[in-house]
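Only one structure is covered here, and it is reproduced in the block below.
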Amino acid sequence: MESRILTPSIFSPASVPAEIIVEYTTLVLAICAVIFVVVSSLIVYCVARFRERADDNGREPPQIYGGGRIELAWTVAPVLIVAVLFVVTARTILTLQKDEPPPGSLQITATGHQWWWEFDYADLGFVTANELHLPLMDDTSAGPAFLNLESQDVIHSFWVPQLSGKMDLIPNRTNHLWIAPTESGVYVGQCAEYCGTQHANMLLRVVVEPRADFERWVREQQRPATNDSAVSVAVGRAVFEETACVSCHSVRGTPANGTFGPDLTHLMSRTTLGAGVATNDRAHLIEWITSPDHLKPGARMPAMQLEPAQILAVVDYLESLQ
Ligand code: CUA
């Protein structure tokens, strides 16, 4: 499933809206480049051709006032260029901007938090964080992914350059974005609106996979948390459920139902911790619980002040959440 991670560039689009954006960008850049070349060549030509010469004897050349044809040309040409840019821009915006989900689309609510992403697949019955999974659009009868973008606190912005344009997540408002991925891969994205201390570490990943793999992932996410009966796991679960962990985190199928922090039901199905600041492994889990500030200064998760043995037990429990 986890294939190579692609460098984020708008010039290598892997989704329909991103392709539309790069086509539009290329056209506008090309028009501007032609204007730049024509204007700068004319300037260079005039500077050279009409420069002061030794035999001018200090006299000014004859001054010409007005010129109907040339004035018409330099008015009409820019008007036409602006009209073309206007029509192309309007058409692009109308294509990209959808306020209603297209038929057959997969609806996901993405909520921005300081400083992580919540992805609620409400129609499929589960919630996850920081790593969005989308099916490849190989079946044209299926609709695209349609994201409802919301915020729990301040303004954030969802941006995965290869998949779509930027769209802000604004408190008390729902914005929309659609993605129709055309190539499998893991795409990296980033919050694109300054939202506080850890804005730069509000990273996200989008895993685009063939529909069968996506459906397998969905079935695994839909399961309630695995109930591992190993002693260390049971001890860790007891610590987790008796301390403040549960006031912020949910583990579906257990009494933990906090909503302030990421859902941990299938924590180990994610590859990173803290919205992409560290790989999700035992060492980082221990570090994260002992001192979240160490990995992500300013993180909303408090240091849990647990005994070392309790931390190890909690990590055993977290590692059982496959
Ligand atoms: Cu969220 Cu910047």
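First residue of the sequence shown? That's 54 in the numbering used here, and the numbers climb one at a time after it. Quick reminder that beta carbons are idealized off the backbone N, C-alpha and C, glycines included. Treat the numbers as computed from the prediction; the structure is a model and nothing was measured.
Inspect the beta-carbon positions of residue i and residue j and report whether they are closer than 7 Å.
i, j, result
"CYS248", "VAL207", "yes"
"ALA278", "VAL304", "yes"
"LEU257", "ALA198", "no"
"PRO61", "VAL286", "no"
"PRO234", "LEU187", "yes"
"LEU189", "PRO263", "yes"
"ALA291", "HIS302", "no"
"PRO361", "MET354", "no"
"PRO131", "GLY196", "no"
"MET321", "LEU359", "no"
"LEU222", "SER204", "yes"
"VAL259", "SER237", "no"
"LYS151", "TRP231", "yes"
"VAL137", "ASN254", "no"
"ASN333", "THR343", "no"
"HIS209", "GLU246", "yes"
"THR145", "TYR77", "yes"
"ILE63", "VAL75", "yes"
"GLY351", "THR227", "no"
Would you mind reading off the limits of the alpha helix (DSSP H) that contains residue i?
i, result
"ALA198", "Per DSSP, ALA198 belongs to no alpha helix (DSSP H); it is in the beta strand (DSSP E), 198 to 204."
"LEU348", "345 to 348"
"TRP168", "Segment: none, TRP168 is in no alpha helix (DSSP H) and carries neither H nor E."
"PHE267", "264 to 275"
"TYR98", "69 to 102"
"GLY121", "121 to 149"
"GLY289", "284 to 295"
Can you look up residue i in the DSSP assignment and give me helix, strand or coil?
i, result
"ASP108", "helix"
"THR332", "strand"
"ASN228", "strand"
"TYR370", "helix"
"HIS319", "coil"
"ILE117", "coil"
"VAL304", "coil"
"MET357", "coil"
"ALA362", "helix"
"LEU189", "coil"
"ILE63", "coil"
"LEU257", "strand"
"LEU338", "helix"
"GLU55", "For GLU55, the predicted structure reports a pLDDT of 46, less than 50, and the residue's modelled location is therefore unreliable. A value from the coordinates is still provided. In the structure shown, GLU55 sits in coil (DSSP, three-state: anything other than H, G, I, E or B)."
"GLN375", "coil"
Please classify residue i as buried or exposed, where buried requires at least 16 neighbouring CB atoms within 10 angstroms.
i, result
"GLN363", "buried"
"ASN183", "buried"
"HIS347", "exposed"
"ASP191", "exposed"
"ALA356", "exposed"
"TRP168", "buried"
"GLN274", "buried"
"THR148", "exposed"
"GLY165", "buried"
"ALA175", "exposed"
"TYR370", "buried"
"TRP127", "exposed"
"GLY157", "exposed"
"GLN116", "exposed"
"ALA67", "buried"
"CYS298", "buried"
"PRO315", "buried"
"VAL91", "exposed"
"ILE123", "exposed"
"GLU295", "exposed"
"ALA366", "buried"
"GLU171", "buried"
"ASP108", "exposed"
What is the residue span of the beta strand (DSSP E) that residue i lies within?
i, result
"THR181", "179 to 182"
"PHE211", "209 to 212"
"VAL239", "238 to 244"
"LEU222", "220 to 222"
- Item | Below 6 Å from a heavy atom of ligand 2 - residues by beta-carbon | Ligand 2 is absent from the structure shown, which contains only ligand 1.
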